[in-house]
Structures are given as C-alpha cells and as structure tokens.
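When you line the sequence shown up against this note's numbering, it's residues 1332 to 1719, in that order. All residues carry an ideal CB built from backbone N, CA and C; glycine is no exception. Computed from a predicted model, the values in this text were never measured in an experiment.
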Amino acid sequence: MSSKKVLDYYHEKLKLADLKSQERANLILQTLSSDRINLHLLRSLAFQGCTDVSGLRSIVWKVLLNYLPIETEDWETFIASKRAEYGMFKEELIKVPKLHSVIVSKEEEEERRAEKKEVVPVTDHPLSTATTSTWNIYFEDMATIEEIDKDVQRTRPEMNFFHRPVDPTVNQETPPEDADLHSDVLERILFIYAKLNPGIKYVQGMNEILAPIYYLFAADKNPVFEGNAEPDTFFCFTNVMSEIRDHFCRTLDSSKTGIKEKLKEINTVLKRLDYSVWRHLEDLEIDPQYYALRWVMLLFAQEFEIPDVLRLWDSLFSDPFRFNYLNYISCALILNVKDKVMEGDFTDVMSLLQRLPPTQIHTLLTMANTLLADDERGIQRMKEQQAY
C-alpha cells in the first residue's frame, strides 16, 4: 500500500463532485500527494473548511492531528504498526479473569508454564484485596467501564448512529444482542485511554471529544481506512487529549495550562476586542467559567449539530497555535448577541450565554476570522506605539 493508493480513492470520488468542491479538494489532494506534506499549506487550506464530498476531511484530520506522518512514503508501515499496537492494547488491557483451581503439585505448575498457560497464585481470588490481584484490578476496571458507559449512552442523543451495529451487513434497526455497536467502540477507546493514562483516567466530557472524530472516521469508505476506524480514532483522540488533557484535570485548574488560565485568556481577548461588553460582564460579575467552561473543555461539541462541529473543528485543528483560534470563536459567540448582552441583567445574560440561540456556522466563523484579524492589527499597533 502506497500513499498513491490511499489518495487514488479520493481522486475517483472527486469526479462525482461539483466544480466548486473539486477546486478546493484538488488543492488539498495536491498537497497530500507530495513526498513530504507542506503542513503550513495544508493547514491554510483546511482552515477554510474541508469539503467532505470526497471524504477528504478524514485523511486531512489524520495529518493535522499528527497521526499520519508528513512523509507520505512512511504511511504503509506506520498504519500497519499502529493497528498492531492498538490490537495489542485491546488484548492486554481488556481482560476478564477466570477462577483457577488450586495447583496441587510442582509438576502441574511446570506443565502449565511449559504450555504457556497463565499460572495464577492461589491467593488471587474474587475477594482478594491485594493491589496486584487480577480480580481487584478487574473490579476497578468495571467501575470505570460503568462510568464510561453511562456517559456514552447519553452521547449525541439526537443521533441513532452510535446505537447501530458496526457491521453494515447486520440489521441496523434491530441488531442482535451480541452485535458490536458504535457505542461499544467508543467505550473501548475511552477505557483503553483511561488504562494507559492512569494520571487522568476517564473524565466526563471526553466522550464528547471522541464522538465526532469516530463518527467521521467510521464514515470513511476508503478501502485503506474502512473497517479500521477504531484504531485510527484512538490515536487521533489520544493526540487531541495530549493538548487539552490539563483542562480535565482539577489539580491543574489554576496552573498555566489549566482551564482557568484558558478562560482568563478568552476574557483578555474579549476586553481587547470590545471593551464595553467586557465591562458590562465584569459589572454583572459574570465570570467566563459560568458560560465558557463547556465551550473550552468540549471544543464547542455540545453547542452545534455534528456537521457544524466537523466544520468548526476543521479550523480548530488547522490552528498552528492550538487552540488560540478557540478564543475568537468564543468572542464571536458573545458578540453575536451583543445587543441582548448589553440590555440584560445578571439572570438574562447568564441564561443567554448558557443557551445561545442557533447560529449559522459560516456566519460565526466569518465573524471569528474578522475578530482575529482586528486583534492582530490592534496588537501590532500596540507594539509599534511601545517601540517609540
């Protein structure tokens, strides 16, 4: 498998797209077709939105999220190694211990070892409280799985997709009880992530970050990726979490990489862009943590329908200073309802910002881009003034 084989699929799909979609997608395909991808150019193109007529968004995200290497000749061996690695994670981390009979002789023990069968100490039983007990670890794992399952079952309730079977040949509406559902895949990914990251484990909200990535990858019909959405999603999700995991860690809330610092950053940008709105929110004592906490932690995943989330994340993942652009989307959401904010009291404004009216994603991103450009010009003027 070469990168050419990967990209040939998208070239064929593009023939069915309209002319406008073809133009943008062809530029992206040309960038991906290089022996070494120009990441700056790819980010610039993807920032404007990945047309998904050809399914290109899936592979673009795999590059932007530092999963696929920018050296395209390495794709074949890299993909194979990552899928093998994920298979190993599943085998080693998802285990159900078994009751073992007492080993009555040294000969039997040696025989089991020779046959490479697991030899479990007699003391390792379901009531054991030893930290090394496979049963004790299993019960801890079950508590994590139950927590994950509770959140996964509530993920994207407006969509039936996650409660349908992974296998497209199985009845999608009434699958058999033992069918592997897309929600089961989400649970496995989150559980394996929790096991591999004991310092943070699983925190509510991670499911909302995971769901759009998996939904996108599961829809990719490229023969190279079809049927492998689970391992590809796991590694991309892990890479996203490596950049925002501190937002999920309470002990780091007040650190430079914590959630409070990010909210403070948004507030500072808002003050520069529209002092009157910032001043009004300060006078009302409305702290950004009251309304923007969910925006930052979930990257706006709960604020929009999933097609809009995918488009918004094109821009977020293309941001070379991730997640600086998030500041301007946040300010755009606030300034889009500026008149109501300025007219309202504490209760009115809190209710408004926590339950924003529907906004066209194109309108919001256009406004965010304008705010970003205005802020950059303002900062540049400030630097020039300070130079004198």
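Roughly how many angstroms lie between the CA atoms of residue i and residue j, to the nearest whole one?
i, j, result
"Q1361", "I1390", "13 Å"
"C1381", "N1570", "20 Å"
"T1475", "S1364", "42 Å"
"L1643", "T1690", "12 Å"
"L1601", "V1516", "39 Å"
"F1492", "A1704", "38 Å"
"S1334", "W1392", "16 Å"
Any idea what DSSP makes of residue i, helix, strand or coil?
i, result
"E1304", "With the chain covering 1332 to 1719 only, the question about residue 1304 has no answer from this structure."
"P1496", "strand"
"R1686", "coil"
"L1512", "strand"
"R1367", "strand"
"M1473", "helix"
"K1532", "coil"
"L1624", "helix"
"K1286", "Nothing about residue 1286 can be reported from this structure: the residues present for the chain run from 1332 to 1719 only."
"R1374", "helix"
"K1344", "helix"
"T1588", "coil"
"M1419", "helix"
Name the residue from the options whose alpha carbon lies nearest to the alpha carbon of residue i.
i, options, result
"N1357", "L1345, S1365, R1367", "L1345"
"F1631", "D1584, R1686, D1679", "R1686"
"G1530", "I1479, I1544, L1583", "L1583"
"Y1545", "C1567, V1555, Y1533", "C1567"
"S1607", "R1495, K1671, M1572", "K1671"
"P1688", "V1534, L1647, L1666, D1563", "L1666"
"E1561", "L1376, I1410, T1403", "I1410"
"D1614", "M1673, K1591, D1498, Q1503", "M1673"
"D1383", "Q1353, I1368, V1501", "Q1353"
Which residues in the same chain have their Cβ closer than 7 Å to the Cβ of residue i, if we skip the five residues on either side of it in sequence?
i, result
"A1623", "L1594, I1597, S1661"
"R1603", "D1706, G1709"
"L1641", "R1388, P1543, L1547"
Report all residues from its chain with a CB closer than 8 Å to the CB of residue i; omit the five preceding and five following residues, and keep chain order.
i, result
"D1629", "In the sequence as presented, Asp is not what sits at residue 1629; that position holds Leu. Excluding sequence neighbours, L1629 sits near G1536, E1539, I1540."
"N1553", "V1337, Y1340, Y1341, G1386, S1389, I1390"
"A1550", "G1386, S1389"
"S1514", "V1483, Q1484, T1486, F1493, H1494"
"P1400", "W1406, F1409"
If we cut at 8 Å on Cβ distances, does residue i have a partner in chain B?
i, result
"L1376", "The chain inventory of the structure shown lacks chain B, comprising one protein chain alone."
Open item on the list: My parser needs the alpha helix (DSSP H) runs of 4 or more residues fully inside the stretch 1641-1715; what are they?
Closed with: If only complete runs of 4 or more residues are kept, the stretch 1641-1715 shows the alpha helix (DSSP H) at 1656-1666, 1669-1674, 1677-1685, in order along the chain.
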